[in-house]
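Sequential numbering of the sequence shown, starting at 1, is according to our numbering.
Report on the following structure.
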Amino acid sequence: MGRDKARRRKTIANTTPRNGHNITIVTRYIDKITPLHRSTGESVVLHRLIYASETVGLTGASTLSVAQILGAAIVNNRRDNITSAVMFHDGWCLQGIEGSRQDVDRLMRRIREDRRHRNLRVLSDKPIASRSFPEPMALCDDPAAMLRAIGLANMAEVTAYHADRIVELKQAA
Ligand SMILES: Cc1cc2nc3c(=O)[nH]c(=O)nc-3n(C[C@H](O)[C@H](O)[C@H](O)COP(=O)(O)O)c2cc1C
C-alpha cells in the first residue's frame with residue numbers, strides 16, 4: 001500500500017464514528033480528495049432529467065445505503081460534470097440530474113441497471129438554461145417537509161408538475 005493510500009485510510013478511520021456512518025464527514029472527505037472537474041462558462045446544452053423509483057430493501061432507509069450511493073455519485077458526477085439532488089422517502093426515491101445530454105444519458109443507463117431500486121419512471125427530461133442544483137450530489141435532508149410543501153402525502157403520486165415545484169423550492173431555499 002502506498003504511503004498516501006495508508007494515510008487516507010487512517011484519516012477515514014479517525015474521522016468516522018465506529019458505531020455509524022457519518023455522511024457529512026464521508027462526503028466532505030470525498031469532496032476534498034476529488035479534484036473539481038468543471039469548466040467555467042458552459043458551452044454545451046444542458047438538460048435536466050427527473051425520475052422517481054421505488055427503493056429495494058434498505059435503500060434510502062439506512063445511513064449506510066445512502067452513504068454508499070452518495071459516495072459513488074459525488075466522485076462520478078464531479079468527473080462527468082453532472083449536478084444532482086436526491087430525495088428518499090418511505091420506499092421512494094426522487095432524483096434530479098443535470099448535465100450534457102450525453103453525460104445524463106450515460107448516467108441514466110447505469111442508474112436504470114441498479115438493483116437498489118426498481119420501476120423507474122422518468123417524470124421530466126428537458127433542456128435548461130442554467131443549473132438548479134449547485135452540487136455534484138446533494139441529499140434532501142427533510143423530504144417529509146418538502147412533500148408537505150407541494151401538497152403530497154407520499155411520492156406514489158408524484159408527477160412532472162410536482163418535480164418541477166420541488167426544483168423551484170430547492171432553488172429558492
Ligand atoms: C437512487 C440512486 C441514485 C444514484 N445516483 C447516482 C449518481 O448520481 N451518480 C452516479 O455515478 N451513480 C449513482 N448511482 C449509482 C449507480 O447506479 C451506479 O451504481 C454507479 O454509478 C456505478 O459507479 P462505478 O462504475 O463508479 O462503480 C445511484 C444509485 C441509486 C440507487
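Think of the CB as a built atom: it goes at the ideal place given N, C-alpha and C, for glycine as much as any other residue.
Got a sec? Which residues, its chain only, sit under 7 angstroms from residue i by beta carbon, not counting five neighbours each side?
| i | result |
| --- | --- |
| Tyr161 | none |
Compute the distance between the beta-carbons of residue i and residue j, then report whether it is under 7 angstroms.
| i | j | result |
| --- | --- | --- |
| Ala52 | Arg121 | yes |
| Ile50 | Gly96 | yes |
| Pro143 | Met108 | no |
| Glu54 | Arg148 | no |
| Ser178 | Val75 | Nothing in the structure corresponds to residue 178, since the chain is present only between 1 and 173. |
| Ala163 | Ser130 | no |
| Arg116 | Thr59 | yes |
| Ile82 | Asp103 | yes |
| Leu46 | Ile111 | no |
| Ser100 | Val44 | yes |
Who are the Cβ neighbours of residue i in its own chain at under 6 angstroms, not counting the five residues just before and after it?
| i | result |
| --- | --- |
| Gly57 | none |
| Ala85 | Gly96, Phe133, Ala138 |
| His89 | Pro143, Met155 |
Among all the DSSP beta bridges, which residues are the ones paired with residue i?
| i | result |
| --- | --- |
| Ile50 | Gly96, Ser124 |
Taking the continuous beta strand (DSSP E) assigned at residue i, which residues delimit it?
| i | result |
| --- | --- |
| Ser84 | 83-89 |
Going by DSSP, what residue range makes up the alpha helix (DSSP H) through residue i?
| i | result |
| --- | --- |
| Arg101 | 101-113 |
Return yes when the C-beta of residue i is under 6 angstroms from any heavy atom of ligand 2, and no when it is not.
| i | result |
| --- | --- |
| Cys140 | With respect to ligand 2, the structure offers nothing, as its ligand set consists of ligand 1. |
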